[in-house]
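*Asks:* Going by the numbering used here, the sequence shown opens with residue 431, and the numbers climb by one from there.
Glycine residues also receive a C-beta, built at the ideal position from the N, C-alpha and C atoms.
I am attaching a structure below and will ask some questions about it afterwards.
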Amino acid sequence: MLHLLSRFSFVGLLAALPIASWAQVTFVSYTFEDTTSAIVGPLLSTVSWNSGGTAAYTSPFTNQGRALSVGNFQSGEYFQFILNATGYEAVSLNAFRSNGSASAPKDWKISYSLTGISGTFVDAGIYTLASNAAAETTTVSSFLLPSGADNNASVVLRLIATSSTRIDGGGGVANGTVRLDNFSFTGTAIAVPEPSAYAVWVGLSGLALCLAHRRSR
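Set out below in structure tokens:
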């Protein structure tokens with residue numbers, strides 16, 4: 431009876447230890463005001479593309495600052511964001527804004543890999559681009575990444591052009607400029623024991639060892 435009481439009291443004390451936790455925070459954010467570096471979390475994410483176009487910065491959206499503008503996009507080409515989500519869970523891509531020139535590809539999808547750029551990519555959603563500048567025609571909805579992204583240093587997300595249809599519906603193969611702005615990720619910092627709890631852990635561990643030693647005698 432004494433042995434059982436000691437064991438369950440020990441477990442109860444461990445469960446009662448204070449745990450530090452945080453609300454969701456934006457841990458990576460791109461505003462694309464004259465730079466492709468993230469203004470929040472620049473060491474946690476990079477952006478690139480394979481269209482062959484060079485980066486420019488324009489103001490294509492209503493009531494908003496500058497945006498990343500890249501040309502020569504055709505079907506199958508993409509923007510790629512590499513994300514280190516170490517220390518975060520419930521990771522989400524927030525709503526962002528995108529549009530294109532009249533000749534740019536209209537149809538796009540969001541895909542992700544949880545095992546780096548050479549991993550398997552899973553489709554997460556589709557969207558279409560407009561050449562309009564208004565928020566209601568250029569905002570792409572947010573989505574929650576799967577739990578496999580939690581505490582994962584090898585998350586990759588791609589925005590991929592999926593058809594040769596032009597935004598303006600005109601003839602010829604789509605090949606044009608695409609703009610992005612306000613691209614960010616949020617997550618919840620993974621809970622860890624508060625500093626004051628470590629001393630309790632040490633004390634309880636010592637007590638457990640002492641009780642185990644006494645029972646073995």
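Within its chain, find whatever has a CB closer than 6 Å to the CB of Ala564; leave out the 5 residues flanking it on each side and keep chain order.
*Replies:* Within the same chain, Cβ atoms closer than 6 Å to the Cβ of Ala564 are found at Thr492, the five residues on either side in sequence being excluded.
*Asks:* Put Ser584 into one of helix, strand or coil per three-state DSSP.
*Replies:* In this structure, Ser584 counts as coil in the three-state DSSP scheme.
*Asks:* Can you grab the Cα-Cα spacing for the pair Leu474 / Ser577, in whole Å?
*Replies:* Computed Cα separation, rounded: 18 Å.
*Asks:* What are the residues that DSSP puts in a beta bridge with Thr616?
*Replies:* Thr456 and Ser522
*Asks:* Apart from the five residues on each side of it in sequence, which residues of its chain come closer than 7 Å, Cβ to Cβ, to Thr592?
*Replies:* Ser505, Asp537, Trp538 and Lys539
*Asks:* Any contact of the region 498-514 with the region 598-610, i.e. 3+ C-beta pairs under 8 Å?
*Replies:* Counting Cβ pairs under 8 Å, three or more are found: they touch.
*Asks:* For Ser572, which residues of its own chain have a beta-carbon under 7 Å away from its beta-carbon, when the five flanking residues on both sides are left out?
*Replies:* Ser522, Leu523, Asn524 and Ala525
*Asks:* Can you tell me which of the three DSSP states Thr516 falls into?
*Replies:* coil
*Asks:* Just confirm the distance between the C-beta atoms of Glu528 and Thr488, as a whole number of angstroms; I'd bet it's less than 8 Å.
*Replies:* The sequence as given places Ser at residue 528; Glu does not occur at that position. Not confirmed; about 13 Å, so no contact.
*Asks:* Does the beta-carbon distance from Glu509 to Val458 come in below 8 Å?
*Replies:* What sits at residue 509 in the sequence shown is Phe, not Glu. No.
*Asks:* Whole angstroms are fine: how far does the CA of Thr484 sit from the CA of Leu574?
*Replies:* 30 Å
*Asks:* If you drop the 5 nearest sequence neighbours on each side, which residues of the same chain put their C-beta closer than 6 Å to that of Thr461?
*Replies:* Ile469
*Asks:* When the Cα atoms are used, what is the spatial distance from Gly600 to Ser533?
*Replies:* 8 Å
*Asks:* Does DSSP classify Ala565 as helix, strand or coil?
*Replies:* helix
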